[in-house]
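Note that this note's numbering numbers the sequence shown so that position 13 is 13, with each residue one more than the last. We put the beta carbon where it would ideally sit given N, CA and C, even for glycine.
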Amino acid sequence: MGVSGSVRSRCERVRPPSSAFQTGEGQLFDHRSGPNGNRAGLYSSVLVEGQGTEVAEVSDTVYVAYTGWRHDGQPFDSVSASEPSFEFVLGAGQVIRGFDEGIRGMRMDETRILVIPYELGYGILSLPGIPPRTDLMFTVTLVGLQKNNSHGSDS
1 MGVSGSVRSR CERVRPPSSA FQTGEGQLFD HRSGPNGNRA GLYSSVLVEG QGTEVAEVSD
61 TVYVAYTGWR HDGQPFDSVS ASEPSFEFVL GAGQVIRGFD EGIRGMRMDE TRILVIPYEL
121 GYGILSLPGI PPRTDLMFTV TLVGLQKNNS HGSDS
């Protein structure tokens, strides 16, 4: 299933400040401490509400536009709304664990900010532009969803 240009054009890119940002509820969140003081936890906040009733579930094929930043505010990767979206099967381990967990439950055109501790990101690996033990921040918009019909089917 492809993603139409009109869907991609509705994707919004939002850049958080480097160490703290306001959540949708107006609360200030410091990504270095993790949610609820849990260092290994994933933080997710909805920036733009999604449409429809279908949500992304494990084994669905999802199409996303995103921008990623290191914890120091330096961008390291981006797939913009004007480019073909990034496609993967949710929960299949094709992406970092924080992406698999953070995108689960999203609706079409929903934009979330994800703050992913290094344990759910690239861990102790060193990649170009991403040092070991680097916490990551993403804005992610679900621009396409291909449902796997085996979810809870009675047939």
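**N-terminal and C-terminal residue of the beta strand (DSSP E) that D77 is part of** = Taking the first residue of the sequence shown as 1, we reach residue 77 at position 77. It spans P75 to V79 - the beta strand (DSSP E) in which D77 sits, taken as one unbroken run.
**Of the listed residues P128, I113 and S44, nearest to T67 (C-alpha basis)** = Counting from one through the sequence shown, the residue named residue 67 turns up at place 67. Cα-wise, what sits closest to T67 is I113.
**Request:** Taking the CB atoms as reference points, tell me whether A65 and V79 lie closer together than 8 Å.
**Result:** Here residue 65 is taken as the residue at index 65 of the sequence shown, counted from 1. Here residue 79 is taken as the residue at index 79 of the sequence shown, counted from 1. Cβ distance < 8 Å, so A65 and V79 count as in contact.
**Request:** Would you tell me roughly how many angstroms separate the C-alpha atoms of Y118 and S44, rounded to the nearest one?
**Result:** Locating residue 118 in the sequence shown gives position 118, where the first residue counts as 1. Locating residue 44 in the sequence shown gives position 44, where the first residue counts as 1. If I take the Cα positions, the gap works out to 15 Å.
**Beta carbon of T134 nearer than 8 Å to that of L47** = Counting from one through the sequence shown, the residue named residue 134 turns up at place 134. Counting from one through the sequence shown, the residue named residue 47 turns up at place 47. Cβ atoms of T134 and L47: not closer than 8 Å.
**Asked** Considering G68, what are the terminal residues of the beta strand (DSSP E) in which it resides?
**Response** The residue you call residue 68 lines up with position 68 of the sequence shown. Where G68 is concerned, the enclosing beta strand (DSSP E) stretches over T61 to R70.
**Asked** Using the C-alpha atoms, what's the distance from M108 back to E54?
**Response** Position 54 of the sequence shown, counting from 1, holds the residue named residue 54. Position 108 of the sequence shown, counting from 1, holds the residue named residue 108. Cα to Cα, E54 sits roughly 8 Å from M108.
**Asked** What are the uninterrupted segments assigned as beta strand (DSSP E) that are 3 or more residues long and contained completely in the segment 110-146, given in chain order?
**Response** 111-116 and 136-146
**Prompt:** From what residue to what residue does the alpha helix (DSSP H) around E57 run?
**Reply:** Here residue 57 corresponds to residue number 57 of the sequence shown, with the count starting at 1. Where E57 is concerned, there is no enclosing alpha helix (DSSP H), given that its DSSP letter is neither H nor E.
**Message:** Just to confirm my understanding: we take Q74, look at its own chain, exclude 5 residues before and 5 after, and list those with CB closer than 7 Å. What are they?
**Reply:** One-based indexing of the sequence shown puts residue 74 at position 74. Same-chain partners within the cutoff: there are none.
**Residues bridged to F99 (per DSSP)** = Mapped onto the sequence shown, residue 99 falls at position 99. According to DSSP, which records beta bridges pairwise, F99 is partnered with nothing at all.
**Message:** Looking at the strands, I want to know which residues DSSP matches up with Q51.
**Reply:** Position 51 of the sequence shown, counting from 1, holds the residue named residue 51. Paired residue(s): M108.
**Asked** How would you write the range of the beta strand (DSSP E) that E87 sits in, first residue to last?
**Response** Translated into positions along the sequence shown, residue 87 becomes position 87. Start and end: F86 to V89.
**Request:** Mind reading off the beta-carbon distance from I96 to L120? Whole number of angstroms is fine, and I expect it under 8 Å.
**Result:** Taking the sequence shown and counting its residues from 1, one reaches residue 96 at position 96. Taking the sequence shown and counting its residues from 1, one reaches residue 120 at position 120. Yes, I96 and L120 are in contact; Cβ-Cβ is about 7 Å, under 8 Å.
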